[in-house]
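**Q** Numbering (UniProt numbering), first residue to last: 1 to 189.
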Amino acid sequence: MGKIPLNSKGKKRRREKEEEEEAEENEAEDKRSNHETSSLENNLTFSDTLIALRIMHAQFPKLEKVSIQPFILRSQLYSSVNDRTQVDRDLESLKKEKVLRAFKLNTGQDDDAIMFMEDYLNQIKSVEKRMKEKTKDETAVFDWFKSYVIVSKLDPSIEHQELCSLLSLGGKVKDEHVSLLINAGLLVS
Numbered sequence: 001m002g003k004i005p006l007n008s009k010g011k012k013r014r015r016e017k018e019e020e021e022e023a024e025e026n027e028a029e030d031k032r033s034n035h036e037t038s039s040l041e042n043n044l045t046f047s048d049t050l051i052a053l054r055i056m057h058a059q060f061p062k063l064e065k066v067s068i069q070p071f072i073l074r075s076q077l078y079s080s081v082n083d084r085t086q087v088d089r090d091l092e093s094l095k096k097e098k099v100l101r102a103f104k105l106n107t108g109q110d111d112d113a114i115m116f117m118e119d120y121l122n123q124i125k126s127v128e129k130r131m132k133e134k135t136k137d138e139t140a141v142f143d144w145f146k147s148y149v150i151v152s153k154l155d156p157s158i159e160h161q162e163l164c165s166l167l168s169l170g171g172k173v174k175d176e177h178v179s180l181l182i183n184a185g186l187l188v189s
């Protein structure tokens, strides 16, 4: 067998070393890519609860003459998602993120109505528009309600004193203001 010239051995070693370095770089890139993907997956969580809410929301009938925005009953959600505890956790989280609002119903049953915040604000806008036609003076309370009460109060109920305190951040609160919110269907007494 013939001898391999020294410079040929050097080229082979360099090529092997380059291939090794390239393999290490590819491995490091794969690790970075996997880390980025898993971190993206951690940030994009789609819960069964939110998916069920979106599906039910899409099925809500859209009637021109009816001014009510879509809502979902908690009991409907429970029947669609297996884990009730997880539903409750997800709902609390979505309320804190101001994605949803929950409302107690006066049906005698222990059930809540759940509404997406965007729909709730549209409902308020619709009611405000109707009320402006009837009473011109006192409609500033709707802006106060949106600006101070909704953003700070996540619970479905509020004490009269706390309501007046929050509304007063917008202006001088009168009993007529609270009555207007009740008549508009935004509060129940």
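Heads up, the beta-carbon is just placed ideally off N, CA and C, and yes, glycines get one too.
1. Using DSSP with H/G/I as helix, E/B as strand and the rest coil, what is Asp110?
2. Look at the alpha carbon of Leu180 and the alpha carbon of Lys172, and state the distance between them as a whole number of angstroms.
3. Need the endpoints of the alpha helix (DSSP H) that Phe142 sits in, please.
4. In whole angstroms, what separates the C-alpha of Tyr92 from that of His57?
5. To the nearest angstrom, how far is the alpha carbon of Leu186 from that of His177?
6. Could you tell me the boundaries of the beta strand (DSSP E) in which Lys104 lies?
7. State whether the region 97-113 contacts the region 143-160, with contact taken as three or more CB pairs (one from each stretch) at a distance under 8 Å.
8. Entirely within the region 156-180 and at least 4 residues each: give me those alpha helix (DSSP H) ranges in chain order.
9. If I measure Cβ to Cβ from Asp90 and keep anything under 7 Å in the same chain, skipping five residues before and after, which residues do I get?
10. Tell me whether the beta-carbon of Leu139 lies closer than 8 Å to the beta-carbon of Lys146.
11. Do Leu169 and the ligand GTP come close, with the Cβ less than 7 Å from some heavy atom?
**A** In this structure, then:
1. Start at 1 with the first residue of the sequence shown, and residue 110 comes out as number 110. Coil.
2. For the purposes of this step, residue 180 is identified with residue 180 of the sequence shown, where counting begins at 1. For the purposes of this step, residue 172 is identified with residue 172 of the sequence shown, where counting begins at 1. Distance between the alpha carbons of Leu180 and Lys172 is about 14 Å.
3. Translated into positions along the sequence shown, residue 142 becomes position 142. Counted as a single uninterrupted DSSP element, the alpha helix (DSSP H) harbouring Phe142 occupies residues Ala140 to Trp144.
4. Taking the first residue of the sequence shown as position 1, residue 92 is located at position 92. Taking the first residue of the sequence shown as position 1, residue 57 is located at position 57. The question names Tyr, but residue 92 is Glu in the sequence shown. Cα to Cα, the separation comes out at about 18 Å.
5. Along the sequence shown, read from residue 1 onward, the residue named residue 186 stands at position 186. Along the sequence shown, read from residue 1 onward, the residue named residue 177 stands at position 177. When rounded, the distance between both Cα atoms is 12 Å.
6. As a first step, residue 104 is located in the sequence shown; it is residue number 104 there, counting from the start. In this chain, the beta strand (DSSP E) harbouring Lys104 covers Leu100 to Lys104.
7. Touching, per the Cβ criterion.
8. 160-167, all fully within the region 156-180.
9. Translated into positions along the sequence shown, residue 90 becomes position 90. Setting aside the 5 residues that flank it on each side, Asp90 is surrounded in the same chain by Ser47, Thr49 and Leu50, each with a C-beta closer than 7 Å to its C-beta; the list follows chain order.
10. Position 139 of the sequence shown, counted from the first residue, corresponds to residue 139. Position 146 of the sequence shown, counted from the first residue, corresponds to residue 146. According to the sequence as given, residue 139 is Thr; it is not Leu. Not in contact: Thr139 and Lys146 (Cβ atoms no closer than 8 Å).
11. As for the ligand GTP, it is missing from this structure, which has no ligand bound.
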